[in-house]
Amino acid sequence: MAPDSASPQDIENSPGLLEELAAGVPGILFSYWLSADTTRRSFPFISSRVNDLLGVSVQTLKHDARAMSSLLHPEEVSGLLPSLLESARTLEPWHYQARIRLRDGTYRWFEGHSLPRRLDDGSTLWFGQFTDIQQHKELEFGLRESEAEADYQLRFHKLIASLSSDFINSAIGDIDHEISRFLARIGGFFEVDRVYVYRFSEDLTRMTNTHEWCRQGVDEVRGTQQDVDITGFQWWQQQTHDVLQQNRVVFIEDVRQLPEHAMAERQLLAEQNVAAMFCIPIVVLGRVEGFFGMDSLTVRSWRRDLSDLLILVANLLSQALERYRLEQELLNQSILDPLTGIHNRRYLEPRVEEMLAHYQRTGEGFALAMLDIDHFKQVNDVFGHLAGDHVLQRFAGLLQDQCRGTDIAARYGGEEFVVALADVSPESASSGLARVLELVRALEVTFHGQAIRVTASAGLVHVTELSPTSLSPDSLITEADRRLYRAKAAGRNCLVDASASSRL
Numbered sequence: 034m035a036p037d038s039a040s041p042q043d044i045e046n047s048p049g050l051l052e053e054l055a056a057g058v059p060g061i062l063f064s065y066w067l068s069a070d071t072t073r074r075s076f077p078f079i080s081s082r083v084n085d086l087l088g089v090s091v092q093t094l095k096h097d098a099r100a101m102s103s104l105l106h107p108e109e110v111s112g113l114l115p116s117l118l119e120s121a122r123t124l125e126p127w128h129y130q131a132r133i134r135l136r137d138g139t140y141r142w143f144e145g146h147s148l149p150r151r152l153d154d155g156s157t158l159w160f161g162q163f164t165d166i167q168q169h170k171e172l173e174f175g176l177r178e179s180e181a182e183a184d185y186q187l188r189f190h191k192l193i194a195s196l197s198s199d200f201i202n203s204a205i206g207d208i209d210h211e212i213s214r215f216l217a218r219i220g221g222f223f224e225v226d227r228v229y230v231y232r233f234s235e236d237l238t239r240m241t242n243t244h245e246w247c248r249q250g251v252d253e254v255r256g257t258q259q260d261v262d263i264t265g266f267q268w269w270q271q272q273t274h275d276v277l278q279q280n281r282v283v284f285i286e287d288v289r290q291l292p293e294h295a296m297a298e299r300q301l302l303a304e305q306n307v308a309a310m311f312c313i314p315i316v317v318l319g320r321v322e323g324f325f326g327m328d329s330l331t332v333r334s335w336r337r338d339l340s341d342l343l344i345l346v347a348n349l350l351s352q353a354l355e356r357y358r359l360e361q362e363l364l365n366q367s368i369l370d371p372l373t374g375i376h377n378r379r380y381l382e383p384r385v386e387e388m389l390a391h392y393q394r395t396g397e398g399f400a401l402a403m404l405d406i407d408h409f410k411q412v413n414d415v416f417g418h419l420a421g422d423h424v425l426q427r428f429a430g431l432l433q434d435q436c437r438g439t440d441i442a443a444r445y446g447g448e449e450f451v452v453a454l455a456d457v458s459p460e461s462a463s464s465g466l467a468r469v470l471e472l473v474r475a476l477e478v479t480f481h482g483q484a485i486r487v488t489a490s491a492g493l494v495h496v497t498e499l500s501p502t503s504l505s506p507d508s509l510i511t512e513a514d515r516r517l518y519r520a521k522a523a524g525r526n527c528l529v530d531a532s533a534s535s536r537l
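Here my numbering is used: the first residue of the sequence shown is 34, the next is one more, and so on.
Dropping the structure here:
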C-alpha cells in the first residue's frame with residue numbers, strides 16, 4: 034500500500050511512530066529507569082533531540098543515564114539524585130530545574146517533569162519531558178534583580194538620610210564620634226574591609242589618617258599613616274588633580290595592575306594588603322581638605338554605579354565637615370578674643386561655674402588669678418596702640434603656653450586677664466603664678482626695633498579660702514580682683530594671695 038493511502042491503523046502500528054511523535058515536541062521526551070537497589074539508571078527511551086541539543090547520543094543514555102548527569106551545572110548536580118529518590122519513594126511526580134550544558138558549551142535552563150510507576154521487580158520507571166525554560170528563568174531573574182536593585186537603592190537612600198540626620202543633630206564636640214559612626218555604617222553597607230578619612234596639609238604635600246574603621250579581623254593602618262610625605266606619589270597626585278577637574282572617583286580595581294610609574298603607590302598599598310580601593314576628595318568651603326576612601330583586601334566585582342553612590346557619600350561627609358567648620362568659626366568668634374586668640378570672658382564664666390560645681394561634688398580644689406599688665410597705658414602713649422596690641426598678644430600667648438589642658442586662660446577686658454588653675458592646692462597655685470610673673474619679667478618684646486619692658490601684677494584666690502556659704506564665680510573673681518588691687522598698691526610687678534604678702 035502506498036504511504037499516502039496508509040490507514041490510521043497502519044500508522045499507529047508503525048515502528049517509528051514514537052520517535053516521530055517525540056521529534057515534533059519542542060522539548061525532550063523520555064522514560065527514565067532506576068533499579069530497585071538505586072545503583073543503576075538509564076533512559077529506556079529518549080528522543081533524538083537530545084543529541085541535537087546536548088551532543089550526547091541516545092544509545093549512550095539508554096545504557097547509562099549518568100552521561101546526562103554529567104551535563105548538569107555543578108551547582109545543580111547535588112540535588113538531582115535526592116529528588117529522584119524521594120519521587121521513587123512516594124511515587125509523587127518528579128520536578129527538577131537545572132542548567133544543562135548544550136552542544137556549544139553554553140548552559141541553558143531546563144525543567145524536568147515526569148510521572149513515576151513502580152515495576153514488578155521493585156524498580157521505578159518515569160515518563161516525562163525536559164522543557165526549555167530559559168526565557169522564563171531570564172524573566173524571573175530579571176524581576177528578582179529589579180526587586181533587589183529597588184531594595185538596594187531604597188536601603189542606600191535611607192542610609193544617607195539617616196547619616197545626614199545624625200550629622201545635623203550632632204553637637205560640635207561630637208563630630209569625631211559621628212565620623213567614626215559614619216565610616217562604620219558605610220563599611221557595613223558596602224561590605225568592604227576598611228573605610229577611612231585622610232586630611233591633607235595646607236600645602237598638599239603631606240597626609241594624615243584622621244579616622245578609620247576596619248572590618249573585624251582586618252589590621253588598622255592609622256598608626257602608620259600620620260603626617261605621611263606624599264611628594265613622591267606623582268601618579269596619585271595626578272589622579273587627585275584629574276578627579277577634581279572631572280568630578281569623578283579614583284578607582285583602583287586591582288592594585289597589581291597599577292602602572293610602572295605608580296610603583297611607590299603600589300608598594301604602600303601592598304604593605305597594607307589592599308587589593309582594590311576607591312578614593313573621593315573631601316572639599317570644604319571650596320578647598321580640598323583630604324579624601325574619603327574604601328579598601329578591599331581581595332579583588333572583587335563592583336557595582337557599575339558604585340562611583341556615583343560614593344560621590345553622594347563623600348558629598349555628605351564634605352557637607353557635614355563644612356557645617357562643622359562654619360559652626361566652629363561662629364563658636365570661636367563668640368568665645369575667643371579676636372585680638373589675642375585666647376578665650377574671652379563669655380567663655381570663662383561658665384567654665385568657672387563648672388569647676389566650682391566639680392569642687393562641690395568631689396572636693397577637688399582650684400584657684401583663680403586676676404592679672405594686669407603694669408603701666409599698659411604708658412605703652413600705648415609711648416609706643417602707640419599697635420605696639421600695645423602686640424604686647425597684649427605676647428602676654429596672652431605666654432599665659433596660654435603655661436596653662437595645662439585643664440586650665441583656662443582668658444582675656445577679661447582691656448589689659449586684664451584671668452587664669453583658672455584646675456586641681457591645685459593653694460601652695461602649688463601660688464608657686465605657679467609666681468613662676469608666670471617671672472616669665473613675664475623675662476619676656477622680650479620688641480616693636481619696630483624698640484624694646485618694650487613688660488611686667489604684671491596678680492591677685493590669686495583659692496576656692497578653699499572663701500566661706501562655702503558665699504562661694505560663687507562672682508565671689509571668686511571679686512576676691513581675685515581685690516587682691517590684684519592690693520598688688521598694684523604694693524608697687525606692682527608682684528603677686529598677692531591669701532597670705533596678704535607681695536612676692537617680688
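Every residue, glycine too, gets a C-beta built ideally from N, C-alpha and C.
Expressed to the nearest angstrom, what Euclidean distance is found between the alpha-carbon atoms of F409 and L381? In this model, F409 and L381 are separated by some 23 Å (Cα to Cα).
Could you check where the beta strand (DSSP E) with N242 kicks off and where it finishes? Boundaries of the beta strand (DSSP E) harbouring N242: R239 to C247, taken from the DSSP string.
Let's test the definition: count the other Cβ atoms within 10 Å of the Cβ of Y231 and tell me whether it reaches 16, buried, or not, exposed. Burial call: buried.
Around the C-beta of P107, are 16 or more other C-beta atoms found within 10 angstroms, so that it is buried, or is it exposed? Counting Cβ neighbours within 10 Å, P107 comes out exposed, since fewer than 16 surround it.
G175 in three-state terms, based on DSSP: Secondary structure of G175 (DSSP, three-state): helix.
Please name the residue, chosen from N84, D97 and T439, that lies closest to S68 on a Cα-to-Cα basis. Comparing alpha carbon positions, the residue from N84, D97 and T439 closest to S68 is D97.
Continuous beta strand (DSSP E) assignments of at least 3 residues falling wholly in the stretch 135–185: Under the rule that a run must span 3 or more residues, the beta strand (DSSP E) segments found entirely inside the stretch 135–185 read 140–151 and 157–165.
For a test of the three-state rule: what should DSSP assign to Q259, helix, strand or coil? Three-state result, Q259: coil.
With DSSP run on the structure shown, which of helix, strand or coil describes I212? helix
I201 (DSSP reduced to helix, strand or coil): Three-state DSSP puts I201 in a helix.
CA nearest to the CA of G430, picked from S197, L419, A442 and A420: Out of S197, L419, A442 and A420, A442 has the C-alpha closest to the C-alpha of G430.
Counted within 10 angstroms of its Cβ, other Cβ atoms place V332 as buried (16 or more) or exposed: Per the 10 Å Cβ criterion, exposed.
Proximal residues to Q42 (C-beta, below 7 Å), its chain only, five neighbours per side dropped: With a pLDDT of 47 at Q42, under the threshold of 50, the modelled position of that residue is not reliable, and no figure is offered here.
Which residues in the same chain have their Cβ closer than 6 Å to the Cβ of C247, if we skip the five residues on either side of it in sequence? R227 and E253
For the alpha helix (DSSP H) that contains V385, what are its first and last residues? That run of the alpha helix (DSSP H) goes R378 to T395.
Three-state secondary structure (DSSP) of S81: Of the three classes helix, strand and coil, the one that applies to S81 here is coil, per DSSP.
Measure the alpha-carbon distance for R356 versus A295 and round it to whole angstroms. 35 Å
Taking 8 Å as the threshold (C-beta atoms), are A400 and V457 in contact? yes
Under a Cβ-count criterion, where at least 16 other Cβ atoms within 10 Å of its own Cβ denotes burial, should N526 be classed as buried or exposed? buried
Within the stretch 421–495, note down every full alpha helix (DSSP H) run reaching 4 residues or more, in order along the chain. 459–474
List the DSSP bridge partners of F324. Partner(s): Y231 and P314.
Can at least three beta-carbon pairs, one atom from the stretch 146–159 and one from the stretch 121–130, be found at a separation below 8 Å? yes
What's the C-alpha gap between R82 and R177? 32 Å
May I have the straight-line CA-CA distance separating R337 from S102, to the nearest angstrom? 36 Å
Looking at D407 and T488, is the spacing between their C-beta atoms short of 8 Å? yes
Residue from Q271, G421, V452 and A462 whose Cα sits closest to the Cα of V478: When only C-alpha atoms are compared, the closest one is G421.
Please identify the residue among S179, L493 and E144 whose C-alpha is closest to the C-alpha of E460. L493
DSSP has D405 in a bridge; who is on the other side? E449 and S490
Please report the straight-line C-alpha distance between D514 and L504, rounded to a whole angstrom. Rounded to whole angstroms, D514 to L504 spans 15 Å at the Cα level.
D262 versus T241, E386, H274 and V282, residue with shortest Cα-Cα distance: When only C-alpha atoms are compared, the closest one is T241.
Got a sec, what are the start and stop residues for the beta strand (DSSP E) L67 sits in? I61 to L67
Alpha carbons only, please: which of A131, E125 and S90 is nearest the one belonging to L105? A131
Inter-residue Cα distance where the pair is S340 and G220: 15 Å
Straight-line gap, Q249 to V452 (C-alpha atoms, nearest Å): 46 Å
To the nearest angstrom, how far is it from the Cα of E179 to the Cα of T93? Correcting the residue type first, residue 179 is Ser in the shown sequence and not Glu. About 42 Å.
Residues near M403 in its chain [Cβ-Cβ closer than 6 Å; skip 5 each side]: V451, G492, A513, D514 and L517
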